[in-house]
Amino acid sequence: MTEIVGLRLPLSADLERFSLLLWQGSIPHRIAEERGMQAVWFGSEQHAAQAKALYERLQAGDPELAAVEIKRTPAPTRAVWYRRFFSVPVVATLLVLSLLGALLPVLDRDYQYLPYLSFYHLYIVDGTLRGDWPVGQIWRVITPAFLHFGVMHIVFNSLWLWELGGMIERRQGAVRILGIFFLIAAGSNIAQAMSSVSLFGGMSGVIYGLLGYIVIWNRMRPAQAFPLANGVAIFMVGWLLLCMAGFTELLGLGAI
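The opening position of the sequence shown corresponds to residue 1329 in the working numbering, with each subsequent residue numbered one higher.
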């Protein structure tokens, strides 16, 4: 589902009653601070138009709205979490596949299934790891992205996939995020495979590709910028350098 901004309002605007009226009217939305303004996001043009009309009536002091009694009920935490998770079906699917890919190395002790998901079909000859590219098994270009080795590996990648990937899918839709994923996953896996024959995996290449996409998008289209703090990019680059230098392995966090 692609989200759209229905309203951009000053930070000083009190949107509590407006938000409650929207929920009471079954209009799903979310409010986020972006670029010094409050942005109200909706899942459809229809809801955005209804909300805009409602806000104008509220600002005009419509007596009918003033008389509406707000029913304050406990927030349906489970339902909200469920809707938020499935509002980004592509990212949700990638997260589930990544979790399964993290469990596979643990459960596949006999190494029966893992070879079919690695980039190369690996085997050992005279104590040396060798690998072949099976003709026609094109899925191997993508599937290593779902393999994860270690708890921190899957946790780190899942959190950033949810944050960055979800941001893109909510704004630009399922087709866009799916295309970006396939392009970056294939590119990063091929680059890794060209460096050496090894068993590798993870979403790290995809994560940094998503970060790069968002940074470039924000530079080229500042009026439609994603709400990404500058410190996030700096942290991610710093983390990458620490991983490349081996400091995270010394701390027992693995080569994320």
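By construction, the Cβ of each residue, glycine as well, lies at the ideal position given by its N, Cα and C atoms.
Legend entry - DSSP state of residue 1447 mapped onto helix, strand, coil: Here residue 1447 corresponds to residue number 119 of the sequence shown, with the count starting at 1. Residue 1447: coil per DSSP, three-state reduction.
Inset, instruction - Can you grab the Cα-Cα spacing for the pair residue 1560 / residue 1396, in whole Å? - result: Working through the sequence shown from its first residue, we reach residue 1560 at position 232. Working through the sequence shown from its first residue, we reach residue 1396 at position 68. Using only the alpha carbons, I get a separation of about 42 Å.
Inset, instruction - Would you mind giving the Cβ-Cβ distance between residue 1382 and residue 1509, rounded to the nearest angstrom? I have them listed as a contact below 8 Å. - result: Residue mapping note: residue 1382 aligns to position 54 of the sequence shown, counting from 1. Residue mapping note: residue 1509 aligns to position 181 of the sequence shown, counting from 1. 37 Å between Cβ atoms; not a contact.
Legend entry - residue 1444 versus residue 1452 - alpha carbon distance: Within the sequence shown, residue 1444 is the residue found at index 116, counting from 1. Within the sequence shown, residue 1452 is the residue found at index 124, counting from 1. Roughly 16 Å between the two C-alpha positions.
Inset, instruction - May I ask which residues mark the beginning and end of the beta strand (DSSP E) holding residue 1362? - result: Residue mapping note: residue 1362 aligns to position 34 of the sequence shown, counting from 1. Unbroken beta strand (DSSP E) run through residue 1362: 1357-1362.
Inset, instruction - Please name the residue in 1499, 1449, 1368 whose C-alpha comes closest to that of residue 1528. - result: Translated into the one-based positions of the sequence shown, residue 1528 becomes position 200. Residue 1449 is the option with its Cα nearest to residue 1528.
Inset, instruction - Confirm, please, whether the CB-CB distance from residue 1488 to residue 1586 is below 9 Å. - result: As shown, the chain starts at 1329 and ends at 1584. That puts residue 1586 outside it, with no answer to give.
Inset, instruction - Can you give me the Cβ contacts of residue 1471 inside the same chain, cut-off strictly under 6 Å, excluding the 5 residues immediately before and after it? - result: Within the sequence shown, the letter at position 143 stands for residue 1471. Taken in chain order, the residues that qualify are 1445.
Inset, instruction - Assign residue 1370 to one of three DSSP states: helix, strand, or coil. - result: As a position in the sequence shown, residue 1370 is number 42, starting the count at 1. Note: residue 1370 maps to strand in three-state DSSP.
Inset, instruction - Output the distance between the C-alpha atoms of residue 1587 and residue 1386, rounded to the nearest integer angstrom. - result: No statement about residue 1587 is possible, as the shown extent of the chain runs from 1329 to 1584 and does not include it.
Inset, instruction - Say whether the stretch 1360-1378 touches the stretch 1334-1345, bearing in mind that this needs 3 or more beta-carbon pairs closer than 8 Å, one atom from each stretch. - result: yes
Legend entry - Own chain, CB closer than 8 Å to residue 1373, minus 5 neighbours either side, in chain order: The residue you call residue 1373 lines up with position 45 of the sequence shown. Within the same chain, residue 1373 has close Cβ partners 1332.
Inset, instruction - Compare the beta carbon distance of residue 1484 and residue 1430 with 9 Å and say whether it is the shorter of the two. - result: Reading the sequence shown from its first residue, position 156 is the one you call residue 1484. Reading the sequence shown from its first residue, position 102 is the one you call residue 1430. The answer is no: Cβ separation not under 9 Å.
Inset, instruction - Pick out whichever of 1556, 1344, 1532 has its Cα sitting closest to the Cα of residue 1567. - result: Here residue 1567 refers to the residue found at position 239 of the sequence shown. When each option's Cα is compared against that of residue 1567, the closest is 1532.
Legend entry - Anticipated Cβ contact below 8 Å, residue 1539 with residue 1496, distance rounded: To locate residue 1539, count along the sequence shown from 1; it is residue 211. To locate residue 1496, count along the sequence shown from 1; it is residue 168. No, residue 1539 and residue 1496 are not in contact; Cβ-Cβ is about 11 Å, not under 8 Å.
Inset, instruction - Output the distance between the C-alpha atoms of residue 1440 and residue 1546, rounded to the nearest integer angstrom. - result: Numbered from 1 along the sequence shown, position 112 holds the residue referred to as residue 1440. Numbered from 1 along the sequence shown, position 218 holds the residue referred to as residue 1546. Each residue's Cα considered, the two are about 45 Å apart.
Inset, instruction - Would you decide whether residue 1437 is buried or exposed? Buried here means 16 or more other CB atoms lie within 10 Å of its CB. - result: Reading the sequence shown from its first residue, position 109 is the one you call residue 1437. With fewer than 16 other Cβ atoms within 10 Å, it is exposed.
Legend entry - Alpha-carbon spacing of residue 1456 relative to residue 1412, whole angstroms: For the purposes of this step, residue 1456 is taken as the residue at position 128 of the sequence shown. For the purposes of this step, residue 1412 is taken as the residue at position 84 of the sequence shown. Between residue 1456 and residue 1412, the C-alpha separation is close to 47 Å.
Inset, instruction - Excluding the 5 residues preceding and the 5 following residue 1458 in the sequence, name in chain order all residues of the same chain whose CB lies nearer than 6 Å to its CB. - result: The sequence position of residue 1458 within the sequence shown is 130, counting from 1. Cβ within range, chain order: 1451.
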